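The listed protein sequences correspond, in order, to chains A and B.
Just so you know, the numbering used here puts 518 at position 518 of the first sequence, and the rest follows in order with no gaps.
Just so you know, the numbering used here puts 117 at position 117 of the second sequence, and the rest follows in order with no gaps.
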Amino acid sequence: MSASRFIHVSLRGAMGALALALLPATVAAQTLNVGVAAEPTSVDPHFFRSGPNISLRENISDALVYNNQVNGEIEPRLATKWEVLDDSTWRFTLNPKAVFADGVPVAAADVIYSICRVRNVEGSPGAYISFVETIENVRPDGEGAVIVETQGPNPMLLQNLSAIGIVQSPSREPLAYDRENCGNSDWIATNLFNNATVRAGIGPYYVTEYRSGIQTVLERNPDYYGEAPYYERVVLHAIPENGSRIAALLSGRVDVIDAVPVNAIDQIADNPNLELISMPASRLIFFAFDQESEPTPKIRGTNGANPFKDVRVREAINLAVDRMQIVNTVMDGIAEPAASIVMSRVFGHNPDLEVLPYDPDRARQLLAEAGYPNGFDLTISAPNDRYRNDSEVAQAVTQMLAQVGLNVQLETLPQSVYFSRASNYEFSLFMGGASADSGEGLSQLLHLIHTRDSERGLGGSNRGRYSSEVVDRYLGEALVTLDEEARRKLLQQAQAEVYKDFGYLPLYHEVAVWAARSDIHFEPNAAQINILYTARPKN
Amino acid sequence: MNARIAAFFREFSESRIALVSLGITLFFVACTVLAPFISPINPYDLRSIRLSDARLPPGTQQVEPVPELSIPLAARDGKARAEGVTPAGDPIVLQLVPDSDGRLALEIDARNMVVTEIRLRGLPIDASVQGARKHPIRSEWTLANPASTLHIETGPQIPANLQFSVLIKGESEGTGMTFLLGTDGYGRDMLSAIIYGIRISMIVGAAGALGAMAIGTFLGLIAAWFGGRVDSFIMRLVDFQLSIPSLMVGLLVLTMLGKGVDRIILAIILIQWTYFARTTRSVALAELRKDYVDAARCLRFSALRINLLHILPNCLPPLLVILTISIAGAITLEASLSFLGVGLPLTQPSLGMLIANGYEYMFSNMHWIAIYPGLVLLVMIVAINVVGDRLRDMFNPQLKR
């Protein structure tokens, strides 16, 4: 074989190999790999109201309406339009083009079934109930329309409904709505959503595989009524470890990561192939005080008393923490120190409240006044894989509390056990996070500072059981006030009350940061939801 | 006896590397014992750690934290004037004026105060500050050792209304403490943290290996002495245990019992007793056949006496070799478990946890947080292993001249 022929043949071979190599590459380009810090705990859209689950639901299970948290607008989804018939009656027209996996369009029966199912999910922590709390009745209204009646006027109905994914009712007949089980005993088991037997409703994507701790695979829904997403497949890789998540992005194993760790920001900013995408988020990171149990589980050396029942101790702890220092050092400036619960860009923010000063001397004095001049033994608890830098922040708080004379230990736990233990009231001073997931302050406040009432779905995140009649009254009133200014005032008053009671130890509001390959367009979101269906390559 | 130890040591030091390794091992033992006296600070005392010292590179002097002066500026058509008071009580005047090139000039008259750092926060997105570094996310420009006049570029036109705040940091006093190996993300002195980390690792390693040796040797002697069913039972237990990866056993024990030094030691004993049991049994079986054991039996010595005074001493040489290697193994195991976050409490780091903390900073060019504890762990384990190897060579008759 002559040399030139040899070259020719090998060139041909190489071209063929190249073509073969390109083929899977173009297919691969249709897949978006996302590295997520916290994975959803379930595919069930009504199971657990937590960031990762809400984030998944947004992509796989449309609600009646969509709450655009960037501009605060309510946009149509399964309902093409809605009208307010009177103060407490709303009529929603359903989109006839929105069809379930079997080709059947969404109907009033599905809406009733889904709203009713919220109260009937087995093993659910029940936190979604507050969204349907004020709904008195849901009934069909002719072909393709549904009427929702609320208990008195509810200004937040659209925001509330935007959180409830609509799943397909197994029976064609509409249930008769009531506040318990709608006369039905056959509810779709959470497990069926998780193993992809039943689709979680109508969405741009649907889940084909959910493997806890590994990945969630989403496939494009070909029958979707709205704009088709660009990527055919999206794989959510669960990479809770910060270093590994960054490594996955740098090595190209994933295209986008969420919750970019603070330590890696500089490196990503300097990398021309990567881009940072950020938006101030509404999530408040706080520590909650156990204000109910006596003795409280993680405190020793107080003769069985719970010091957190004393407002002076709560004030002391609030003054002992240097929020500015935590934000500047541990969070590297990627957070805003918090004065109260609702952040400045969200409806209901109270601008009169100032970030509490750092005053360790006053803190020591208050502790002494409360009868603890030598402090007490305290173990504080925090998750280590839920919020950005959670265990680092917790350790910083531990140091600061040690400096005012408390004997502090820190325990950190993975979120899989942390939240169930927090809900069992096994902690005394413990970290949490809550965002305004409906886009305004009321839901965040109801979730966090209303007296805990699981029956009515109130105070779902109030695991420290802060309780104030005044706050409950303000929030109860806000729930039925349609006038915006009056409602804003009520929310502000409620927060001023918690501020005065030192009911929480608010630390900071997060700034949501994603990092993506710079040739990918990825939409940021104040609720820290991963919106996958608008992701696409930049032209 | 002394002559024998001297001869033993002479033979040991025929290998230079082993001698050096022995020296290093003894140095780490000394660290373990003397940690509270040689470490610059006590890293477990949370009161002595300040967040303001976080992430300082090696060799940095600790300084007293100085309060930052924040002065808001509200400019109309690029003109503004604001005043503040320095910590010493002197007035400080800021003046913003448009200069000839369409830029804004910020003049800072700080009198006696030495300004070490200025930050401008809240400038419009398209503005830039000459010579300053922008925060990758926030609208914040930082300038170290600034001149008295800063230049702000605001694009083609100066905005009619401009609001931002100026944060000024003054000179701070040193406390006389130097962080030789830098500090970690919590402001903990790395050198102290490493010394205490060595201490925990050594204690856990030694206690775990010694505990495993006690239990393993005991069970090994029982198996050899009784033989038959007892022997089979103990040896199958060993086989069963060896079939489970050691890290898995460790994870299991720690997730069930929770974190803590005592529990890590327990996990190590549970994992490592098997090696000792096997070795003891095999050596003891060989010894049992020897004449001196028969002689002891004829003298009607008790089983306990024969085992402890006659057989055990003859089993010791190989056990000592396994002990040294087990210590190294136990330290590695503790480091792995701590790295995985199930080992020790966050506030009392061992070497493994320091490495895990440093791993977080792998992508932020702060090499000292991960590398130094990693190096120390590496050196420690290599040294102990080399000592163990040397001992094995010495006890191996086939290598004898």
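The C-beta atom is built at its ideal place from N, Cα and C for all residues, glycine as well.
This structure is a prediction, so every number in the text was calculated from the model and none was measured.
With fewer than 16 other beta carbons inside 10 angstroms of its own, glycine 252(A) counts as exposed. The continuous beta strand (DSSP E) containing glutamate 275(A) extends over residues 274-289.
Rounded to whole angstroms, the gap between the alpha carbons of tyrosine 387(A) and serine 278(A) is 16 Å.
By the beta-carbon neighbour count (other beta carbons within 10 angstroms, threshold 16), aspartate 86(A) is exposed.
Within chain B, His135, Ile137, Arg138, Glu140 have C-beta atoms less than 8 Å from the C-beta of glycine 333(A), given in sequence order. Look at leucine 479(A): its C-beta is not under 8 Å from any C-beta on chain B. Contact with chain A is absent for proline 124(B), since none of that chain's Cβ atoms lies less than 8 Å from the residue's Cβ. In the structure shown, the three-state DSSP call for methionine 400(A) is helix. Excluding its 5 nearest sequence neighbours in each direction, glutamate 523(A) has C-beta neighbours in its own chain below 6 Å: Ile531, Thr534, listed in chain order.
Taking the beta carbon of phenylalanine 301(B) as reference, no residue of chain A falls within 8 Å; the closest one sits roughly 53 Å away. A Cβ of chain B is located within less than 8 Å of the beta carbon of serine 391(A).
Between the alpha carbons of arginine 76(B) and proline 124(B) lies a gap of roughly 14 Å. Chain B has no Cβ within less than 8 Å of the Cβ of glutamine 365(A).
The C-alpha of asparagine 365(B) lies about 15 Å from the C-alpha of asparagine 242(A). Excluding the 5 residues flanking it on each side, glycine 103(A) has same chain C-beta neighbours closer than 8 Å at Asp223, in chain order.
In the structure shown, histidine 349(A) falls within a coil segment according to DSSP collapsed to helix, strand and coil.
Straight through space, the alpha carbons of phenylalanine 9(B) and phenylalanine 363(B) are spaced by roughly 47 Å.
Serine 302(B) is classed as exposed because its beta carbon has fewer than 16 other beta carbons within 10 Å across all chains shown. A distance below 6 Å between beta-carbons, with the five flanking residues on each side excluded, links alanine 207(B) to the following residues of its chain, in chain order: Ile265. For the stretch 43-71 of chain B, the set of residues with a beta-carbon nearer than 7 Å to any beta-carbon of chain A comprises Leu46, Arg47, Ile49, Leu51, Ser52, Ala54, in chain order. In this chain, alanine 127(B) is not harboured by any alpha helix (DSSP H), its DSSP state being neither H nor E. Collapsing the DSSP output to three states places valine 355(A) in coil.
Comparing C-alpha distances from aspartate 110(A) to each of Glu484(A), Arg220(A), Leu175(A) shows the shortest one belongs to Leu175(A). Exclusion of the five residues before and after tyrosine 358(A) leaves Asp322 as the residues of its chain whose Cβ lies within less than 6 Å of its Cβ. Between the alpha carbons of isoleucine 215(B) and tyrosine 504(A) lies a gap of roughly 51 Å.
Closest in alpha carbon position to alanine 247(A), among Gln69(A), Glu392(A), Ala515(A), Ala527(A), is Ala515(A). Asparagine 33(A) has Val235(A) as its beta-bridge partners, per DSSP.
Phenylalanine 276(B) and valine 386(B) have their alpha carbons spaced roughly 19 Å apart. Our two residues, glutamine 69(A) and serine 48(B), have alpha carbons roughly 43 Å apart in a direct line.
If you draw a 10 Å sphere on the C-beta of glutamate 39(A), you find 16 or more other C-beta atoms in it, and that means buried.
Between glutamine 495(A) and valine 342(A), the beta carbon gap of about 7 Å places them in contact (Cβ cut-off 8 Å). Contact annotation for alanine 402(A) against chain B: Leu46, Arg47 [CB-CB distance below 7 Å, chain order].
Within the stretch 157-245 of chain A, the runs of beta strand (DSSP E) at least 3 residues long that lie entirely inside it are, in chain order, 205-211, 215-220, 233-238. Contact of glutamate 73(A) with chain B by beta-carbon distance below 7 Å is absent, the smallest such distance being about 23 Å. Identification of chain B residues near glycine 243(A) by a Cβ-Cβ cut-off of 8 Å yields Tyr359, Glu360, Met362, Phe363, ordered along the chain. For the pair of segments examined, the stretch 227-241 of chain A was found not to touch the stretch 22-31 of chain B: the number of CB pairs separated by less than 8 Å stays below three.
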